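These notes are about the structure you will find just below.
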């Protein structure tokens, strides 16, 4: 998820909390980023990672998917 303005930031937590309530949070990797965000905010809302820009988001997604694929092979 991405936020351009601070006014949209609280809705990221709403989305993650809804995922938890529906029992689907663990089915998804949640990356957050955007101008007003930082690592501390990412952790406080329960996101998997903060990405400072789209290029970092791609690299981070690749890392998470690689880990997920390796776990799936072991299971």
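In my numbering, the protein residues as written are 41 to 115. Every residue gets a Cβ at the ideal spot worked out from N, C-alpha and C, and that includes glycine. Nothing here was measured: the structure is a model prediction, and the numbers come from that model.
Residue i in three-state terms, based on DSSP
i	result
residue 70	coil
residue 78	coil
residue 53	helix
residue 103	helix
residue 62	coil
Buried or exposed by the 16-neighbour rule on C-beta atoms within 10 Å, applied to residue i
i	result
residue 106	exposed
residue 84	exposed
residue 56	buried
residue 90	buried
Bridge partners - residue i, DSSP secondary structure assignment
i	result
residue 89	71
residue 42	73
How about the segment 41-48 and the segment 72-81: do they share at least three Cβ pairs that are nearer than 8 angstroms? Flag = yes, the segment 41-48 and the segment 72-81 touch.
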